[in-house]
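Enquirer:
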Amino acid sequence: MIKTCLFPVAGYGTRFLPATKSMPKEMLPVVNKPLVQYGVEEAIEAGMTTCAFVTGRGKRSIADHFDISYELEHQISGTGKEAYLESIRNVLDKGIFTMVRQREMKGLGHAILTGRSLVGNEPFGVLLSDDLCLNSEGAGVLAQMAELYNQFRCSIVAIQEVPMEEVHKYGVISGESLKDGIYRVDDMVEKPDQKDAPSNLAIIGRYILTPDIFDILEETEPGANGEIQLTDALQTQARRGCVMAYKFQGRRFDCGSVPGFVEATNHVYEHYYMKNEG
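Per my numbering, the very first residue in the sequence shown carries number 7; after that it's consecutive.
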């Protein structure tokens with residue numbers, strides 16, 4: 007069983023300024039829960055109860071969220087408002103939370119390399135909170151991928167089809183289709199121009215990585231935007247061994263953009279929050 011999920015949460019969230027000037031984007035609420043809590047719940051559901059955060063300056067509220075607030079607990083103890091804390095109490099009971107700081111913003115690959123000391127020499131999950139993934143029909147995306155890892159024992163990336171005019175926003179894969187929704191990756195390109203994209207299969211913010219990725223990241227030269235790109239390291243890993251891509255079951259919302267965040271909020275309110283209230 008994969009025990010650890012890494013959460014790179016050091017980014018600035020510039021697309022949500024001025025809201026994110028003093029508030030981490032991962033703490034933006036989708037209805038009544040912050041984005042990062044949805045991700046932690048997904049990881050814990052997949053058995054990844056050690057949640058390792060790669061944080062940065064101005065992110066202390068994430069650590070505070072996954073801790074007990076004695077003052078708040080005391081103020082609402084014995085009242086009907088205690089029910090509102092049920093979901094976070096459940097997370098705190100099941101999860102173990104560790105943190106390390108990424109002192110410089112050098113890309114997703116660098117963030118994952120920064121988390122090496124929290125992960126150790128074991129396979130691990132990576133979850134980007136910007137991508138809110140919900141599956142009302144069954145297991146969450148990370149749980150689906152963990153089951154797939156037990157079969158293939160190699161790194162796995164989550165993918166979805168996107169319009170060709172949007173491929174420049176993503177890492178894009180091509181590969182051999184082994185069976186419905188599962189591909190063996192032979193090529194990856196980070197944010198390609200439409201004419202250079204090998205497919206419209208875009209990588210989204212869910213990964214399972216084998217620990218050899220750390221050594222590969224250490225030798226990976228800066229790529230797009232002068233950053234150490236995880237996509238480049240995964241391409242090396244695919245060339246040397248095996249990387250699988252999985253077209254997951256469920257729905258993904260791009261909460262790193264304002265339209266996607268609003269869409270996610272409306273969906274959660276209508277399909278989850280109101281049902282629980284009822």
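All C-beta atoms in this analysis are idealised placements derived from N, C-alpha and C, irrespective of residue type, glycine included.
Spatial neighbours of F220 within its chain, please: CB distance less than 7 Å, with the 5 preceding and 5 following residues excluded, ordered by chain position.
Expert: L119 and R122
Enquirer: With respect to the beta strand (DSSP E) encompassing Q166, which residues constitute its N-terminal and C-terminal limits?
Expert: First-last of the beta strand (DSSP E) with Q166: S161 to E167.
Enquirer: State the beta-bridge partners of Y252 as determined by DSSP.
Expert: A164 and I188
Enquirer: In its own chain, which residues sit with a C-beta less than 6 Å from the C-beta of V191, not counting the 5 before and 5 after it?
Expert: I179, G181, A244, V249 and A251
Enquirer: For S75 and G86, I'd like the C-alpha separation in whole angstroms.
Expert: Each residue's Cα considered, the two are about 17 Å apart.
Enquirer: Between Q157 and R257, what straight-line distance do the alpha-carbon atoms span, to the nearest angstrom?
Expert: 24 Å
Enquirer: Count the other CB atoms, across all protein chains shown, that sit within 10 Å of the CB of S183; report buried if there are 16 or more and exposed otherwise.
Expert: exposed
Enquirer: In the DSSP output, what is G177 paired with across the bridge?
Expert: Looking at the DSSP assignment, G177 forms a beta bridge with E196.
Enquirer: Helix, strand or coil for S93 per DSSP?
Expert: helix
Enquirer: Are the CB atoms of V42 and Q108 within a distance shorter than 8 Å?
Expert: no
Enquirer: How many angstroms separate the CA atom of V147 from the CA atom of A230?
Expert: 27 Å
Enquirer: Could you name each continuous alpha helix (DSSP H) segment of 4 residues or more that falls completely within the region 23-98, going from the start of the chain to the end?
Expert: 41-51, 66-71 and 76-82
Enquirer: Give the single residue among S205, A52 and L23 whose Cα lies nearest to the Cα of E167.
Expert: Ranking the options by Cα distance to E167, first place goes to S205.
Enquirer: Does the region 225-241 come close enough to the region 188-202 to have 3 or more Cβ pairs within less than 8 Å?
Expert: yes
Enquirer: Establish whether the CB of F254 and some CB of chain D are separated by less than 8 Å.
Expert: Among the protein chains of the structure shown there is no chain D, as only one such chain exists.
Enquirer: Tell me where the alpha helix (DSSP H) around T237 begins and ends.
Expert: L236 to R246
Enquirer: Let me know if P24 comes out buried or exposed under the rule of 16 or more other beta-carbons within 10 Å of its beta-carbon.
Expert: exposed
Enquirer: Is E182 helix, strand or coil when you go by DSSP?
Expert: strand
Enquirer: Whose C-alpha, out of R159, I214, H174 and T242, is nearest the C-alpha of D226?
Expert: Note that residue 226 corresponds to Thr in the displayed sequence, not to Asp. Out of R159, I214, H174 and T242, T242 has the C-alpha closest to the C-alpha of T226.
Enquirer: Just how far apart, CA to CA, sit I210 and V173?
Expert: 12 Å
Enquirer: DSSP three-state call for I118: helix, strand or coil?
Expert: Three-state result, I118: helix.
Enquirer: Does the region 42-58 come within contact of the region 8-15, defined as at least 3 CB pairs closer than 8 Å?
Expert: yes
Enquirer: Enumerate in chain order the residues of its own chain whose CB-to-CB distance from K253 is below 7 Å, with the five nearest sequence positions on each side excluded.
Expert: I165, Q166 and G187
Enquirer: With distances taken from CA atoms, which of P217, P30 and H273 is nearest L124?
Expert: P217
Enquirer: Of the choices V264, E224 and L91, whose alpha-carbon is the least far from that of K112?
Expert: E224
Enquirer: With distance defined between alpha-carbon atoms, name the residue in C160, V274 and E110 nearest to E128.
Expert: C160
Enquirer: Mapping DSSP to helix, strand and coil, what is G146?
Expert: In this structure, G146 counts as coil in the three-state DSSP scheme.
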